[in-house]
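Let me begin by presenting the structure, written as structure tokens, before commenting on it.
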Amino acid sequence: MNIMYHSTRNNDVKLTASQAVLKGLADDGGLFVPDTLPVFDKSFDELKEMDYKGVAYEVMKLFLTDYTQEELKGCIERAYDDKFDTKEIAPLKEAGGAYYLELFHGSTIAFKDMALSILPHLMTTAAKKNDLKEEIVILTATSGDTGKAALAGFADVPGTRIAVFYPKHGVSKVQERQMVTQKGKNVTVIGIEGNFDDAQTGVKKMFNDEALKAELKDAGFVFSSANSINIGRLVPQVVYYVYAYTRLLKDGVIKAGEKINVCVPTGNFGNILAAYYAKCAGLPVNKLICASNSNRVLYDFFKSGSYDKLHEMDDNGAFSKDRSFILTGSPSMDILISSNLERLIYHIAGDDDKKDRQLMEDLKDKGAYDISDDMKARLSDFCGGFASEEDTASKIAGLYKDAGYVIDPHTAVAGFVYDAYRKETADETKTVIASTASPYKFAKTVMCAIDKKHASADDMDLIGELNKISGVKVPQAIEDIISAPVLHDIVCETEDMPKEVRKFLR
Ligand SMILES: *Cc1c(COP(=O)(O)O)cnc(C)c1O
Numbered sequence: 003m004n005i006m007y008h009s010t011r012n013n014d015v016k017l018t019a020s021q022a023v024l025k026g027l028a029d030d031g032g033l034f035v036p037d038t039l040p041v042f043d044k045s046f047d048e049l050k051e052m053d054y055k056g057v058a059y060e061v062m063k064l065f066l067t068d069y070t071q072e073e074l075k076g077c078i079e080r081a082y083d084d085k086f087d088t089k090e091i092a093p094l095k096e097a098g099g100a101y102y103l104e105l106f107h108g109s110t111i112a113f114k115d116m117a118l119s120i121l122p123h124l125m126t127t128a129a130k131k132n133d134l135k136e137e138i139v140i141l142t143a144t145s146g147d148t149g150k151a152a153l154a155g156f157a158d159v160p161g162t163r164i165a166v167f168y169p170k171h172g173v174s175k176v177q178e179r180q181m182v183t184q185k186g187k188n189v190t191v192i193g194i195e196g197n198f199d200d201a202q203t204g205v206k207k208m209f210n211d212e213a214l215k216a217e218l219k220d221a222g223f224v225f226s227s228a229n230s231i232n233i234g235r236l237v238p239q240v241v242y243y244v245y246a247y248t249r250l251l252k253d254g255v256i257k258a259g260e261k262i263n264v265c266v267p268t269g270n271f272g273n274i275l276a277a278y279y280a281k282c283a284g285l286p287v288n289k290l291i292c293a294s295n296s297n298r299v300l301y302d303f304f305k306s307g308s309y310d311k312l313h314e315m316d317d318n319g320a321f322s323k324d325r326s327f328i329l330t331g332s333p334s335m336d337i338l339i340s341s342n343l344e345r346l347i348y349h350i351a352g353d354d355d356k357k358d359r360q361l362m363e364d365l366k367d368k369g370a371y372d373i374s375d376d377m378k379a380r381l382s383d384f385c386g387g388f389a390s391e392e393d394t395a396s397k398i399a400g401l402y403k404d405a406g407y408v409i410d411p412h413t414a415v416a417g418f419v420y421d422a423y424r425k426e427t428a429d430e431t432k433t434v435i436a437s438t439a440s441p442y443k444f445a446k447t448v449m450c451a452i453d454k455k456h457a458s459a460d461d462m463d464l465i466g467e468l469n470k471i472s473g474v475k476v477p478q479a480i481e482d483i484i485s486a487p488v489l490h491d492i493v494c495e496t497e498d499m500p501k502e503v504r505k506f507l508r
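First residue of the sequence shown? That's 3 in this note's numbering, and the numbers climb one at a time after it.
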């Protein structure tokens, strides 16, 4: 079956998968969605005998139908190679009554590598297929991890350039160092005086700035996106949920057809949306548990059916309190405008582009929207939870104490939310928790959670301590930044982002 893509805000414009990958975001500001959500054509019995690359092919071919078998297999071969420090690519570890799916074994030690090690290949293949004449300029907003993973993926890839915008005061030390030390002739890294939402809004504005786009087209450039708004980011993320299921099956943890829960630490709603697409394709999933940190806008949404970036819900279900953007120890989830939720909204509205457009206008104009009761009923696959900073620290410390297993703060948000869910519902379904970053990326937050005596040390000082207690080898990504020189030091105001892009391309 050939699957075409269209905007969540307009059902009429049809693109092939490779065209949607190239374009990133639709001209009307909507996100590309498949005309129909595909269904697996292989049994889990067959899939469980395959390795990661084999499963990746079987899943991705269902979505990216205009790529030939040879093209897609070529992309997969080049992506999931020894850039990953384990042959399994995404190992599962049982600890504390859950199965942690470790998605951080790629070169930048966060789960963004799972998709960003293949996106450049999907994109350059798409450029060839579609006879693209212009050079592709990747504009990326990052809450900390996407930036480095995208830089690593696109550095020195012929026919591409990449500009990354990050909140200057909103990422961890290690995250910032990883980005500002990035080598490559085609890369730039820019700090902005604002938070992630400001960076993301600024990037989206440039995508929809017709004058800027025309000017750059004349100079031989087109924009694309490496954020999870790009369908080429989302599709590779569907793979690891299927892979995790097949490993549980193979290990005899679950029986054929048995349902699992999936719990995902969530920011921009990309990772958990991929799990939803896996479920729609036939993965036996009971609940999709959406875990937020103190920026709990998604928790409030799943509870109430109202998405309100300006106000927080109180115990009576009223949005009575002002909501502020909170900087937490899980910075990659410090987000109040979760872009990919738009795709879910579109699907639960019955693929209604007009409804979607109206709600997104409400969000833009009033900072909030409410969904109908019908739409709410279709959210029954999901449930939301959140973890405060203390909750997160207690999960890190508790799991270390009980199981000797050290997790990063993002993963700990999910771990805490899962424990609370299990206690409240008594649901004993086996549960996979997406483990989204290596604890080495957030050494200070992790070590302080385990022992307050580390409060005055900094991230780099604590690498050795973390190594001692976890017994896990220091990843190459950390070794790499210890002595690397800083190559990028631009900082700008949000409104000057287009100016910086012009400078970069000149
Ligand atoms: C990006 C990120 C998240 C959030 O993922 P979304 O797809 O934006 O919901 C969670 N944890 C880590 C470590 C991340 O880098």
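Backbone N, C-alpha and C fix where the C-beta goes; we use that ideal spot for every residue, glycine too.
For residue i: DSSP bridge partner residues
| i | result |
| --- | --- |
| C385 | I291 |
| G193 | Y168 and V493 |
| E178 | Answer is none; E178 lacks a bridge partner. |
| E137 | F223 |
| E104 | S437 |
| S308 | D372 |
| P512 | There is no way to answer for residue 512, as the model of the chain reaches only from 3 to 508. |
| Y7 | L17 and P36 |
| R163 | V139 |
| N12 | S9 |
| D324 | H313 |
| E344 | Answer by DSSP bridge pairing: none, since E344 is not bridged. |
| I350 | BP columns for I350 are empty, so no partner. |
| A277 | Bridge partners of A277: none, in fact. |
| I1 | A query on residue 1 cannot be resolved here, the shown segment of the chain reaching from 3 to 508 and no further. |
| I339 | Answer is none; I339 lacks a bridge partner. |
Cβ-heavy atom distance, residue i to ligand 1, below 8 Å
| i | result |
| --- | --- |
| V266 | yes |
| N232 | no |
| G369 | no |
| P334 | Checking the sequence shown, residue 334 turns out to be Ser, not Pro. Yes, Cβ of S334 sits closer than 8 Å to a heavy atom of ligand 1. |
| N197 | no |
| H107 | no |
| D302 | no |
| G146 | yes |
| K170 | no |
| A451 | no |
| I274 | yes |
| N270 | yes |
| F113 | yes |
| H313 | no |
| H412 | yes |
| T447 | no |
| T438 | yes |
| N342 | yes |
| I337 | yes |
For residue j and residue i, believed in contact at Cβ under 8 Å, the rounded distance
| i | j | result |
| --- | --- | --- |
| A246 | V434 | 5 Å |
| L300 | C292 | 6 Å |
| A486 | T190 | Going by Cβ atoms, the distance from A486 to T190 rounds to 17 Å, so no, they are not a contact pair. |
| L464 | A451 | Incorrect: roughly 11 Å between the Cβ atoms, too far for contact. |
| A228 | L118 | 6 Å |
| G31 | R11 | 7 Å |
| S458 | F388 | Their Cβ separation, rounded to whole angstroms, is 29 Å, which puts S458 and F388 out of contact at 8 Å. |
| S145 | D336 | 6 Å |
Neighbour flag for residue i against chain B, beta carbons, 9 Å
| i | result |
| --- | --- |
| A128 | Judged by its chain identifiers, the structure shown contains no chain B, having just a single protein chain. |
Sufficient close CB pairs (3 or more, under 8 Å) joining the stretch 404-411 to the stretch 425-440: In short, these stretches touch, since the Cβ pair count reaches three.
Taking three-plus beta-carbon pairs below 8 Å as touching, is the stretch 190-210 in contact with the stretch 484-501? Touching, per the Cβ criterion.
Taking 8 Å as the threshold, find out whether the stretch 361-375 comes into contact with the stretch 297-315 through three or more Cβ pairs. Yes, since at least three Cβ pairs between the stretch 361-375 and the stretch 297-315 fall closer than 8 Å, the two stretches touch.
Is the stretch 41-52 touching the stretch 353-367 in the sense that three or more CB pairs, one from each, lie closer than 8 Å? Cβ pair count under 8 Å is below three, so no.
Is the stretch 241-260 in contact with the stretch 275-284, if contact means three or more CB pairs nearer than 8 Å? Using a Cβ-Cβ distance cut-off of 8 Å, the stretch 241-260 and the stretch 275-284 are in contact, since at least three pairs of beta carbons, one from each stretch, lie closer than that value.
Assess contact between the stretch 73-80 and the stretch 458-474, defined as three or more Cβ pairs (one per stretch) separated by less than 8 Å. Is contact present? Contact fails between the stretch 73-80 and the stretch 458-474, because fewer than three Cβ pairs, one in each stretch, are under 8 Å apart.
Does the structure place the stretch 254-264 close enough to the stretch 165-179 that three or more beta carbon pairs sit under 8 Å? Not touching, per the Cβ criterion.
Any contact of the stretch 87-96 with the stretch 144-161, i.e. 3+ C-beta pairs under 8 Å? With a cut-off of 8 Å, the stretch 144-161 and the stretch 87-96 do not count as touching, because too few Cβ pairs lie within range.
Contact between the stretch 115-133 and the stretch 157-170 (3+ Cβ pairs under 8 Å): With a cut-off of 8 Å, the stretch 157-170 and the stretch 115-133 count as touching, because enough Cβ pairs lie within range.
I want to know whether the stretch 477-491 touches the stretch 97-117 - three or more CB-CB distances under 8 Å. The stretch 477-491, when compared against the stretch 97-117, does touch it at the 8 Å Cβ threshold.
Answer yes if the stretch 131-139 comes into contact with the stretch 175-185, meaning at least three C-beta pairs across the two stretches below 8 Å, and no otherwise. No contact exists between the stretch 175-185 and the stretch 131-139.
Are at least three pairs of beta-carbons, each pair with one atom in the stretch 3-19 and one in the stretch 208-225, less than 8 Å apart? Remark: fewer than three beta-carbon pairs, one from each stretch, lie closer than 8 Å, so the stretch 3-19 and the stretch 208-225 are not flagged as touching.
Touch check for the stretch 416-426 and the stretch 263-275: three-plus C-beta pairs under 8 Å? With a cut-off of 8 Å, the stretch 263-275 and the stretch 416-426 count as touching, because enough Cβ pairs lie within range.
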